[in-house]
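The block underneath contains the structure these notes are about, expressed in structure tokens.
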């Protein structure tokens, strides 16, 4: 692994920005953010991993990096998102420990399933396996909790609402802190990343999360919080069926959906325990 910092990498003409931090000789950990956040969502977790001797790579993913914002909905299908992460791992040059939150978790499941040879451990945060989630939508309150996914399919209106104070109010009601809301305003709305972030939802019409499915054969930890307004327990409990390796579920009590910034110590502990298991 190179001692040179990776500040960006390319795939298919797109340029992705990367936060590469921690000891240059540390084992690599790739951190995948969710919606509507960027790599800085890991800012409170990274130092805890660095203190354990790990090197972290947190990319601004497709739609978020200024150099990687294609306009077509089909450019955001899960297979492309998974391939973006695989390209980063190839650039790193060795197998990695993988961590993903929210949409980053959905993509991480696909990376762990399709590219298990370069994933040493996998820690999913908030979002369960794609098939488990789909099963939960059919048979639990998850369908009601996911109402916004349908709303995001509309053209223009979601951008207008989410760019307004009403959008911030909705995120705050979902548990986002004032600090994170300010990061959202600056890093997503003002930086022009909102249409790209919504592209992940709008690409569901072109095959759903098919590219993020498959059984996982690497040691896995699922971290979920019991005050999550977007993800119900049903899909989380079904996730073990799709992991053909050592699996652990960690439930954080009294924590909302925004685990990386609201419970960084507990999350880092779960990640380090999973990494230590191998």
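Residue numbers (full-length UniProt numbering): 1 to 278.
Note that beta-carbon positions come from the ideal geometry of N, C-alpha and C, so glycine has one too.
As assigned by DSSP and simplified to three states, the class of residue i
{"i": "residue 122", "result": "strand"}
{"i": "residue 34", "result": "coil"}
{"i": "residue 241", "result": "helix"}
{"i": "residue 198", "result": "helix"}
{"i": "residue 156", "result": "coil"}
{"i": "residue 137", "result": "helix"}
{"i": "residue 27", "result": "strand"}
{"i": "residue 129", "result": "coil"}
{"i": "residue 185", "result": "helix"}
{"i": "residue 272", "result": "helix"}
{"i": "residue 312", "result": "This structure cannot settle anything about residue 312, because the visible part of the chain is limited to 1 through 278."}
{"i": "residue 257", "result": "coil"}
{"i": "residue 216", "result": "strand"}
{"i": "residue 98", "result": "strand"}
{"i": "residue 266", "result": "helix"}
{"i": "residue 209", "result": "coil"}
Supposed close pair residue i, residue j - CB separation, criterion 8 Å
{"i": "residue 229", "j": "residue 102", "result": "About 12 Å; that fails the 8 Å criterion."}
{"i": "residue 33", "j": "residue 275", "result": "Contact doesn't hold; Cβ gap of about 19 Å is too wide."}
{"i": "residue 194", "j": "residue 36", "result": "7 Å"}
{"i": "residue 207", "j": "residue 77", "result": "6 Å"}
{"i": "residue 57", "j": "residue 20", "result": "5 Å"}
{"i": "residue 124", "j": "residue 222", "result": "5 Å"}
{"i": "residue 153", "j": "residue 202", "result": "6 Å"}
{"i": "residue 41", "j": "residue 128", "result": "So it is not a contact: roughly 19 Å between Cβ atoms."}
Endpoints, the alpha helix (DSSP H) within which residue i is located
{"i": "residue 247", "result": "That residue, residue 247, is in no alpha helix (DSSP H); its beta strand (DSSP E) goes 247–252."}
{"i": "residue 55", "result": "Run containing residue 55: none in the alpha helix (DSSP H); it sits in the beta strand (DSSP E), 54–59."}
{"i": "residue 105", "result": "103–114"}
{"i": "residue 223", "result": "Here residue 223 belongs to no alpha helix (DSSP H); instead the beta strand (DSSP E) covers 220–225."}
{"i": "residue 11", "result": "Looking at the DSSP string, residue 11 is not in any alpha helix (DSSP H); the run it does join, the beta strand (DSSP E), is 8–11."}
{"i": "residue 81", "result": "78–92"}
Beta carbon of residue i nearer than 9 Å to that of residue j
{"i": "residue 31", "j": "residue 99", "result": "yes"}
{"i": "residue 236", "j": "residue 249", "result": "yes"}
{"i": "residue 210", "j": "residue 130", "result": "yes"}
{"i": "residue 59", "j": "residue 39", "result": "yes"}
{"i": "residue 314", "j": "residue 175", "result": "Beyond the ends of the chain as shown, which are 1 and 278, falls residue 314; an answer cannot be given."}
{"i": "residue 280", "j": "residue 16", "result": "This structure cannot speak to residue 280, because the chain is shown only from 1 to 278."}
{"i": "residue 120", "j": "residue 278", "result": "yes"}
{"i": "residue 225", "j": "residue 126", "result": "yes"}
{"i": "residue 112", "j": "residue 220", "result": "yes"}
{"i": "residue 263", "j": "residue 252", "result": "yes"}
{"i": "residue 25", "j": "residue 3", "result": "yes"}
{"i": "residue 141", "j": "residue 118", "result": "no"}
{"i": "residue 88", "j": "residue 18", "result": "yes"}
{"i": "residue 196", "j": "residue 69", "result": "yes"}
{"i": "residue 116", "j": "residue 189", "result": "no"}
{"i": "residue 232", "j": "residue 136", "result": "yes"}
Host beta strand (DSSP E) of residue i (start-end)
{"i": "residue 17", "result": "14–21"}
Hey, is the stretch 11–26 in contact with the stretch 151–162, meaning 3+ C-beta pairs nearer than 8 Å?
Inter-segment contact for the stretch 11–26 and the stretch 151–162 is absent: fewer than three beta-carbon pairs are separated by less than 8 Å.
Counting beta carbon pairs with one atom in the stretch 256–264 and one in the stretch 166–181, are three or more of them shorter than 8 Å?
Taking a cut-off of 8 Å on C-beta distances, the stretch 166–181 touches the stretch 256–264, as three or more cross pairs fall below it.
Any chance the stretch 104–118 sits against the stretch 80–92, with 3 or more Cβ pairs inside 8 Å?
By the Cβ test, the stretch 104–118 is in contact with the stretch 80–92, since at least three Cβ pairs between them sit closer than 8 Å.
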